[in-house]
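Engineer: Residue numbers (the working numbering): 204 to 409. Cβ coordinates follow ideal geometry from the N, Cα and C atoms, glycine included. Please read through the structure below; I'll follow up with questions.
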């Protein structure tokens, strides 16, 4: 990635993050009928509360993470729940102290936490069944993707998640589906759109 772009990310503050995540006009056509179901700041305390066992705000701070902002889209009530339904499409922008911290997070926190917790309870009666690493494409810098399968009394739920780096910013694209499915193409489309938007904000073109 160009050094000038990386350097420009040092001018970014936490207040810029909400302008990086995708809005209704940016999301893929698969989510045309979807609406915003949740958005907001993801500070380290919130991340820890919703993270795996052993997650703490101090751990995330020591990993170089400052804060983040997320926006999720979900189906309207009249769409119904069925196998294969994408029940959420989300993008997140996280701010770190350095680009190296972003890569360390991708592998030492994101990937490691999921792989280490296979077979464990992940709350709300759900068990983490399997984690599969996927091959990403179309992104300009370091990236990693996982397909995560979890299940409980209500059945299976699968998630396809892509993490990628833009300087000291970590972008995340996420698709959650009912049943055992992989959504790498759709998550990649989200990730590429998110990457473009992050770059626009960083360069002051947004």
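For residue 331, collect the residues of the same chain with a Cβ closer than 6 Å to its Cβ; drop the 5 residues on either side in sequence, then sort them by chain order.
Structural biologist: Here the set comprises 320, 321, 323, 325, 353.
Engineer: Residue range of the alpha helix (DSSP H) that residue 320 falls in?
Structural biologist: Taken as a continuous stretch (DSSP letters only), residue 320 belongs to no alpha helix (DSSP H), as it is neither H nor E.
Engineer: Let me know the secondary structure DSSP gives residue 160 once reduced to three states.
Structural biologist: With the chain represented from 204 up to 409, any question about residue 160 goes unanswered, as that position is not in the structure.
Engineer: Can you tell me which of the three DSSP states residue 268 falls into?
Structural biologist: Residue 268 falls in the strand class under three-state DSSP.
Engineer: Which residues in the same chain as residue 282 place their Cβ atom closer than 8 Å to its Cβ, once the five residues preceding and following it in sequence are excluded?
Structural biologist: Correct list, in chain order: 236, 288.
Engineer: Rank 395, 348, 241 by C-alpha distance to the C-alpha of residue 342 and give the top, closest one.
Structural biologist: Comparing Cα positions, the closest option is 395.
Engineer: Sort 279, 247, 256, 273 by Cα distance to residue 265 and report the nearest one.
Structural biologist: Comparing Cα positions, the closest option is 247.
Engineer: Going by Cα to Cα distance, which pick from 234, 292, 259 is closest to residue 153?
Structural biologist: This structure leaves residue 153 out entirely; the chain is present only between 204 and 409.
Engineer: Give the C-beta separation of residue 220 and residue 271 to the nearest angstrom, bearing in mind that I take them to be a contact with Cβ-Cβ under 8 Å.
Structural biologist: Indeed, because the Cβ distance is near 6 Å, the residues count as touching under 8 Å.
Engineer: According to DSSP, simplified to helix, strand and coil, what is residue 260?
Structural biologist: Residue 260: helix per DSSP, three-state reduction.
Engineer: At a cut of 8 Å, does the segment 294–304 reach the segment 369–389 through at least three beta carbon pairs?
Structural biologist: Touching, per the Cβ criterion.
Engineer: Can you give me the Cβ contacts of residue 213 inside the same chain, cut-off strictly under 8 Å, excluding the 5 residues immediately before and after it?
Structural biologist: Cβ within range, chain order: 370, 371.
Engineer: What is the DSSP secondary structure of residue 238, counted as helix, strand or coil?
Structural biologist: Here residue 238 sits in strand by DSSP.
Engineer: Sort 259, 240, 256 by Cα distance to residue 280 and report the nearest one.
Structural biologist: Residue 280 has its Cα closest to that of 240, out of 259, 240, 256.
Engineer: Thinking C-beta only, is residue 360 closer than 8 Å to residue 381?
Structural biologist: Contact flag set, yes.
Engineer: Return the first residue and the last residue of the alpha helix (DSSP H) that residue 251 is part of.
Structural biologist: From DSSP, the alpha helix (DSSP H) with residue 251 extends over 247–252.
Engineer: When the cut-off is 8 Å and only beta carbons count, does residue 212 lie next to chain C?
Structural biologist: This model lacks chain C altogether, as it is built from one protein chain only.
Engineer: Any chance you could list the beta strand (DSSP E) runs of at least 3 consecutive residues sitting entirely within the segment 338–371, in chain order?
Structural biologist: Taking only runs of at least 3 residues, the beta strand (DSSP E) segments lying wholly in the segment 338–371 are 346–355, 358–369.
Engineer: Is it the case that the CB of residue 324 approaches a heavy atom of the ligand GDP more closely than 7 Å?
Structural biologist: Questions concerning the ligand GDP fall outside what the structure shown contains, since it holds no ligand whatsoever.
Engineer: Is the distance from the Cβ of residue 233 to the Cβ of residue 389 below 8 Å?
Structural biologist: Their beta carbons are under 8 Å apart, which means residue 233 touches residue 389 by this criterion.
Engineer: Hey, residue 224 and residue 274 are a contact pair by Cβ (cut 8 Å); roughly how many whole angstroms apart?
Structural biologist: Going by Cβ atoms, the distance from residue 224 to residue 274 rounds to 4 Å, so yes, they are a contact pair.
Engineer: Going straight from the alpha carbon of residue 357 to that of residue 327, what length do you get?
Structural biologist: Answer to the nearest angstrom: the Cα atoms are 11 Å apart.
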